[in-house]
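Let me begin by presenting the structure, written as structure tokens, before commenting on it.
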Amino acid sequence: MAEQSLGEQILQIPLSDRWRIYHRLQELMIPCACPPDGSLRVQVNSLLAAILVRSTVMQCLAPRQELVNWLEHCWYL
């Protein structure tokens, strides 16, 4: 399977969650930065990185019930 770079993505994340997401992405070895403009810039170089970014953001920002529904859906797959 060929990997295609999706490039730099700019995420608008609430300041209260930005650093937590930034540090988690760093742990996952996904290049990212928090510039002074308040955004979170993430370098998405693979489909796996895109999935990990989405999952990380979802864990931090989604309402609890949405996470429960998502988990229950996964159990039925």
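Numbered per this note's numbering, the sequence shown spans residues 406 to 482.
For each residue, glycine too, the CB sits at the ideal point set by N, CA and C.
Start and end residues, beta strand (DSSP E) containing residue i
i: Leu416; result: 412 to 416
The alpha helix (DSSP H) enclosing residue i, as first and last residue numbers
i: Leu466; result: 452 to 466
i: Ile426; result: 420 to 432
Same chain only: Cβ atoms within 7 Å of residue i, ignoring 5 sequence neighbours per side
i: Ile426; result: Ile418, Leu445, Thr461, Val462, Cys465
Own chain, CB closer than 8 Å to residue i, minus 5 neighbours either side, in chain order
i: Cys439; result: Arg423, Trp424, Tyr427, Leu445, Arg446
Helix, strand or coil at residue i [DSSP, three-state]
i: Leu445; result: strand
i: Cys479; result: helix
8 Å contact criterion, which residue i and residue j should meet: CB distance rounded
i: Leu430; j: Val458; result: 7 Å
Same chain, Cβ closer than 6 Å to residue i, five either side skipped, listed in chain order
i: Gly443; result: none
Checklist entry - Using 8 Å as the threshold, is the stretch 444 to 463 in touch with the stretch 411 to 418, meaning 3 or more CB pairs across them? => result Contact between the stretch 444 to 463 and the stretch 411 to 418 is present, because at least three Cβ pairs lie under 8 Å.
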